[in-house]
Amino acid sequence: MAAFQTPINRPILSRGPLSLGGFLFCAGLSIVVMWLDQRYDYLAGVRRGLSIAGYGVEVTVNTPFLAWRGLSDYFATRGRLLKENDELRSHQRETDLKLQRFDALEQENLRLRGLRMSTEQIAQKFLVGEIMQVDLDPYRHRVRINKGSHDGVQQGQPILDAAGVVGQITRVGVFSSEAILITDAEHAIPVQVNRNGLRTIAVGTGNLSQLALPYLASNADIREGDLLVTSGLGGVFPAGYPVGTVKKIDREVVQTLASIIATPAAALDRDREVLLVFTPEQAVEPVPPAAPAAAPKPKS
Amino acid sequence: MSRGDHFARWPLFASGFAGLVLGLIPLPAWLDMLRPDFLALVVLYWAIHVPQAGRLWFAWCAGLLLDGFRGVVLGQFALAMTVIAAVAIYLHLRIRAYPIWHQAGVVFAALFLYHLTLWIVDGWSGHPVTTSARWIPAVTGALVWPFVSGILDKLHHRF
Numbered sequence: 001m002a003a004f005q006t007p008i009n010r011p012i013l014s015r016g017p018l019s020l021g022g023f024l025f026c027a028g029l030s031i032v033v034m035w036l037d038q039r040y041d042y043l044a045g046v047r048r049g050l051s052i053a054g055y056g057v058e059v060t061v062n063t064p065f066l067a068w069r070g071l072s073d074y075f076a077t078r079g080r081l082l083k084e085n086d087e088l089r090s091h092q093r094e095t096d097l098k099l100q101r102f103d104a105l106e107q108e109n110l111r112l113r114g115l116r117m118s119t120e121q122i123a124q125k126f127l128v129g130e131i132m133q134v135d136l137d138p139y140r141h142r143v144r145i146n147k148g149s150h151d152g153v154q155q156g157q158p159i160l161d162a163a164g165v166v167g168q169i170t171r172v173g174v175f176s177s178e179a180i181l182i183t184d185a186e187h188a189i190p191v192q193v194n195r196n197g198l199r200t201i202a203v204g205t206g207n208l209s210q211l212a213l214p215y216l217a218s219n220a221d222i223r224e225g226d227l228l229v230t231s232g233l234g235g236v237f238p239a240g241y242p243v244g245t246v247k248k249i250d251r252e253v254v255q256t257l258a259s260i261i262a263t264p265a266a267a268l269d270r271d272r273e274v275l276l277v278f279t280p281e282q283a284v285e286p287v288p289p290a291a292p293a294a295a296p297k298p299k300s
Numbered sequence: 001m002s003r004g005d006h007f008a009r010w011p012l013f014a015s016g017f018a019g020l021v022l023g024l025i026p027l028p029a030w031l032d033m034l035r036p037d038f039l040a041l042v043v044l045y046w047a048i049h050v051p052q053a054g055r056l057w058f059a060w061c062a063g064l065l066l067d068g069f070r071g072v073v074l075g076q077f078a079l080a081m082t083v084i085a086a087v088a089i090y091l092h093l094r095i096r097a098y099p100i101w102h103q104a105g106v107v108f109a110a111l112f113l114y115h116l117t118l119w120i121v122d123g124w125s126g127h128p129v130t131t132s133a134r135w136i137p138a139v140t141g142a143l144v145w146p147f148v149s150g151i152l153d154k155l156h157h158r159f
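Top line first, the protein sequences correspond to chains A and B. With our numbering, letter number 121 in the first sequence gets 121, and the count goes up by one each step, no holes. With our numbering, letter number 96 in the second sequence gets 96, and the count goes up by one each step, no holes.
1) Does the Cβ of residue 151(B) have 16 or more other Cβ atoms within 10 Å, making it buried, or fewer, making it exposed?
2) Could you name the residues of the stretch 25-41 of chain A whose beta carbon sits closer than 9 Å to any beta carbon of chain B, in the order they occur along the chain?
3) Could you work out which residues of chain B lie near residue 176(A), taking near to mean beta carbons separated by less than 9 Å?
4) List the residues of chain E that residue 264(A) touches, going by C-beta distances under 7 Å, in chain order.
5) On the premise that residue 39(B) lies in contact with residue 16(B), defined as a C-beta separation below 8 Å, what is that separation, rounded to the nearest angstrom?
6) Is residue 207(A) close to chain B? Criterion is C-beta to C-beta, closer than 8 Å.
7) Once DSSP output is grouped into helix, strand and coil, what is the label at residue 224(A)?
8) Kindly confirm or deny that the stretch 214-229 of chain A and the stretch 243-258 of chain A touch, where touching means at least three C-beta pairs closer than 8 Å.
9) Skipping 5 residues on each side, what residues in its chain have a beta carbon closer than 6 Å to that of residue 201(A)?
10) Please name the residue or residues paired with residue 159(A) in a DSSP beta bridge.
11) Indicate whether at least one CB of chain A lies closer than 8 Å to the CB of residue 69(B).
12) Figure out for me which residue from 48(A), 143(A) and 142(A) has the closest Cα to the Cα of residue 150(A).
13) Mind the definition here: the stretch 134-144 of chain A touches the stretch 161-181 of chain A only if three or more C-beta pairs lie below 8 Å; say whether that holds.
14) Could you pull out every residue in the same chain whose Cβ sits closer than 6 Å to the Cβ of residue 306(A), ignoring the five residues on either side in sequence?
15) Would DSSP call residue 192(A) helix, strand or coil?
16) Over the uninterrupted beta strand (DSSP E) stretch that includes residue 264(A), give me the two end residues.
17) If you draw a straight line from the C-alpha of residue 56(B) to the C-alpha of residue 137(A), how long is it?
18) Unbroken alpha helix (DSSP H) runs of length 4 or more, entirely within the stretch 67-118 of chain B: which are they?
19) Quick one: grab the DSSP three-state call for residue 182(A).
20) At the 8 Å Cβ level, is residue 63(A) part of the contact set with chain B, yes or no?
21) Of all Cβ atoms in chain A, is any one closer than 8 Å to the Cβ of residue 11(B)?
22) Take residue 35(A) as the anchor and find which of 129(B), 158(B), 140(B) and 122(B) has the nearest alpha-carbon.
23) Output yes if chain B places a C-beta closer than 8 Å to the C-beta of residue 158(A); else output no.
24) Among residues of its own chain, excluding the 5 on either side of residue 156(A), which ones have a beta-carbon nearer than 7 Å to its beta-carbon?
25) Determine the chain B residues that contact residue 21(A) at a beta-carbon separation under 7 Å, and present them in chain order.
26) Between residue 72(A) and residue 100(B), what straight-line distance do the alpha-carbon atoms span, to the nearest angstrom?
27) Per DSSP, what kind of secondary structure is residue 235(A) in: helix, strand or coil?
28) CB-CB under 6 Å to residue 140(B), same chain, minus the five flanking residues each way: which ones, in chain order?
29) Is residue 50(A) close to chain B, meaning its C-beta is less than 8 Å from at least one C-beta of that chain?
30) Leaving out five residues before and five after residue 175(A) in sequence, what residues of the same chain have Cβ atoms less than 6 Å from its Cβ?
31) Ignore the nearest five residues each way along the sequence and tell me which others in residue 42(A)'s own chain have a CB closer than 6 Å to its CB.
32) In angstroms, rounded to a whole number, what distance separates the CA positions of residue 91(A) and residue 61(A)?
33) Return helix, strand or coil for residue 51(B), following the three-state DSSP convention.
34) So which residues on chain A does residue 157(B) lean against when the C-beta distance must stay under 9 Å?
35) Do residue 279(A) and residue 265(A) have their C-beta atoms closer together than 8 Å?
36) What's the C-alpha gap between residue 10(B) and residue 156(B)?
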């Protein structure tokens with residue numbers, strides 16, 4: 001034992017090998033690092049280094065799941081594949097039908113936009129990313145996506161899936177990046193009711209199947225079943241993508257604001273693959289979703 | 001003769017890696033809420049059983065890695081890990097003498113301190129998580145301590 005080897009003039013009940021200086025140094029270093037990271041942007045390099053180191057661990061965690069998926073695909077039964085094929089074929093027929101009208105509509109839309117001198121962004125380029133099977137934090141809706149700055153991912157980039165908006169990129173690593181889902185309690189997305197163009201903001205609730213619309217007056221023209229689409233305001237999300245459908249409206253006579261709950265359109269808890277959207281100009285500085293605008297600043 | 005004098009480093013890093021991986025493996029949501037802080041338990045074990053000066057740095061680096069993963073403000077987990085490692089090193093002789101369930105009690109206190117630190121920094125950095133469920137891992141961590149400690153004992157004494 002280290003305590004028995006200490007010189008005789010030390011107290012018998014040794015305090016062990018804890019050096020107060022070492023502790024103060026480590027704790028002080030943590031606090032300085034936190035302060036630098038919170039207030040300034042000096043530590044981007046450190047984060048990049050950590051993300052590379054962490055990528056190895058993430059791949060370790062992810063690989064067995066990938067292998068399992070590969071195995072189960074390999075041994076898929078004939079019946080299941082046939083059924084899946086049927087489903088996909090009927091799905092494709094529907095999509096083809098819609099697409100027939102799409103080209104004409106797009107041309108018309110561009111002409112009309114030209115007439116109105118509209119500068120609204122239209123998303124054009126997509127990158128398919130895969131959600132990695134790692135749990136980041138049970139109380140925050142963050143996911144890790146296997147594309148990083150190596151693939152051209154940028155901070156604030158919107159993420160979609162086949163059904164609607166999923167979220168946006170919060171931190172870009174080299175090979176992977178972190179995204180916040182629209183249901184995270186710290187996320188808000190500008191939306192508009194597709195039926196009448198009523199604009200508002202959909203806020204995450206911390207529940208994967210719920211969005212809240214807290215800023216609409218009790219007499220606002222909104223009904224259950226209304227489709228909410230991105231309004232394109234704020235410059236992060238391209239306009240016109242489905243966000244969710246209104247599920248429940250509570251209009252209390254004594255309250256000024258209605259309490260409205262919507263269901264997200266995207267399959268947030270089931271997605272494996274997502275689309276990272278590149279809008280033509282990413283010049284608009286993305287608003288960090290975690291901006292503590294609502295949270296009171298600590299007095300420093 | 002202290003074991004620590006020729007203490008092989010690799011069990012330390014291997015167990016740290018295992019702790020990180022166990023913290024990231026995807027689980028169903030209800031189980032995820034119960035998930036103990038394995039990396040914190042590993043850090044506590046080595047702080048108690050091989051309390052050399054380097055343990056604080058081990059704790060700090062483990063915490064910083066965790067910061068990188070969780071996407072929180074850098075230094076949050078590093079600070080929490082440093083605090084519990086310091087407490088464990090300070091009390092290591094006493095803790096070692098306790099029976100295992102008594103040790104689990106001390107581990108609960110340490111994990112509580114760990115989450116208290118995280119909670120304070122969460123509030124300071126403007127990402128408060130106020131649900132009381134966030135304290136559950138302190139309890140489950142104390143409950144799995146005898147097992148974690150037993151496994152790490154094997155690793156520690158064999159090499």
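Note that CB positions come from ideal geometry on N, CA and C, so glycine has one too.
For this structure:
1) Taking the first residue of the second sequence as position 1, residue 151(B) is located at position 151. Residue 151(B) comes out exposed.
2) Listed by position along the chain: 25, 26, 27, 29, 30, 31, 32, 33, 34, 35, 36, 37 and 38.
3) Locating residue 176(A) in the first sequence gives position 176, where the first residue counts as 1. Below the 9 Å Cβ cutoff, chain B contributes no neighbours of residue 176(A), its closest Cβ being approximately 11 Å away.
4) Judged by its chain identifiers, the structure shown contains no chain E, and its protein chains are A and B.
5) Against the second sequence, residue 16(B) aligns to sequence position 16. Against the second sequence, residue 39(B) aligns to sequence position 39. Contact flag correct, Cβ pair sits at about 7 Å.
6) Taking the first sequence and counting its residues from 1, one reaches residue 207(A) at position 207. No, residue 207(A) lies away from the interface with chain B (no Cβ there is under 8 Å from its Cβ).
7) Numbered from 1 along the first sequence, position 224 holds the residue referred to as residue 224(A). Of the three classes helix, strand and coil, the one that applies to residue 224(A) here is coil, per DSSP.
8) Counting Cβ pairs under 8 Å, three or more are found: they touch.
9) In the first sequence, residue 201(A) corresponds to position 201, counting from 1. Answer for residue 201(A): 188, 190 and 215, listed in chain order.
10) Translated into the one-based positions of the first sequence, residue 159(A) becomes position 159. Bridge partners of residue 159(A): 167(A) and 276(A).
11) For the purposes of this step, residue 69(B) is taken as residue 69 along the second sequence, with counting starting at 1. For residue 69(B), the answer is yes, since a Cβ of chain A falls inside 8 Å of its Cβ.
12) The count along the first sequence starts at 1 and reaches residue 150(A) at position 150. Of the candidates 48(A), 143(A) and 142(A), the one whose C-alpha sits nearest the C-alpha of residue 150(A) is 48(A).
13) Flag = yes, the stretch 134-144 of chain A and the stretch 161-181 of chain A touch.
14) Nothing in the structure corresponds to residue 306(A), since chain A is present only between 1 and 300.
15) Position 192 of the first sequence holds residue 192(A). Reduced to three states, the DSSP call for residue 192(A) is strand.
16) On the first sequence, residue 264(A) is found 264 positions in, with the first residue counted as 1. Unbroken beta strand (DSSP E) run through residue 264(A): 259-264.
17) Translated into the one-based positions of the second sequence, residue 56(B) becomes position 56. Translated into the one-based positions of the first sequence, residue 137(A) becomes position 137. The straight-line gap from Cα to Cα measures roughly 25 Å.
18) With a minimum length of 4 residues, the continuous alpha helix (DSSP H) runs that stay inside the stretch 67-118 of chain B are 76-90 and 92-97.
19) The count along the first sequence starts at 1 and reaches residue 182(A) at position 182. Judged by DSSP in its simplified three-state form, residue 182(A) adopts coil rather than helix or strand.
20) Against the first sequence, residue 63(A) aligns to sequence position 63. Residue contact with chain B for residue 63(A): absent (no Cβ-Cβ distance below 8 Å to any residue of chain B).
21) As a first step, residue 11(B) is located in the second sequence; it is residue number 11 there, counting from the start. It does not: the Cβ of residue 11(B) has no partner Cβ on chain A nearer than 8 Å.
22) Locating residue 35(A) in the first sequence gives position 35, where the first residue counts as 1. With distances taken between Cα atoms, residue 35(A) lies closest to 122(B).
23) Start at 1 with the first residue of the first sequence, and residue 158(A) comes out as number 158. Taking a beta-carbon distance threshold of 8 Å, residue 158(A) does not count as an interface residue toward chain B.
24) Here the question's residue 156(A) lines up with position 156 in the first sequence. Excluding positions up to five away in sequence, the list reads 168, 169, 236 and 286.
25) Numbered from its first residue, the first sequence carries residue 21(A) at position 21. Simply none; closest approach about 10 Å.
26) Mapped onto the first sequence, residue 72(A) falls at position 72. Mapped onto the second sequence, residue 100(B) falls at position 100. Approximately 43 Å between the Cα atoms of the pair.
27) Position 235 of the first sequence, counted from the first residue, corresponds to residue 235(A). Reduced to three states, the DSSP call for residue 235(A) is coil.
28) Counting from one through the second sequence, the residue named residue 140(B) turns up at place 140. If you ignore the 5 residues before and after residue 140(B), its C-beta comes within less than 6 Å of the C-beta of 34 and 36, all in its own chain and listed in chain order.
29) Reading the first sequence from its first residue, position 50 is the one you call residue 50(A). Contact of residue 50(A) with chain B is assigned, a C-beta pair being separated by under 8 Å.
30) As a first step, residue 175(A) is located in the first sequence; it is residue number 175 there, counting from the start. If we look at residue 175(A) and ignore the five residues flanking it on each side, its Cβ neighbours are 55, 148 and 150.
31) The residue given as residue 42(A) occupies position 42 in the first sequence. Closer than 6 Å at the Cβ level, and outside the excluded window around residue 42(A), lie 36.
32) Here residue 91(A) refers to the residue found at position 91 when the first sequence is read from its first residue. Here residue 61(A) refers to the residue found at position 61 when the first sequence is read from its first residue. Between residue 91(A) and residue 61(A), the alpha-carbon positions lie close to 34 Å from each other.
33) Position 51 of the second sequence, counting from 1, holds the residue named residue 51(B). Residue 51(B) falls in the coil class under three-state DSSP.
34) For the purposes of this step, residue 157(B) is taken as residue 157 along the second sequence, with counting starting at 1. For residue 157(B), there are no neighbours in chain A by C-beta distance under 9 Å, as the nearest C-beta there is about 15 Å away.
35) As a first step, residue 279(A) must be located in the first sequence, where it is residue number 279. As a first step, residue 265(A) must be located in the first sequence, where it is residue number 265. No, Cβ-Cβ distance for residue 279(A) and residue 265(A) is not below 8 Å.
36) Counting from one through the second sequence, the residue named residue 10(B) turns up at place 10. Counting from one through the second sequence, the residue named residue 156(B) turns up at place 156. Cα-Cα distance, rounded: 10 Å.
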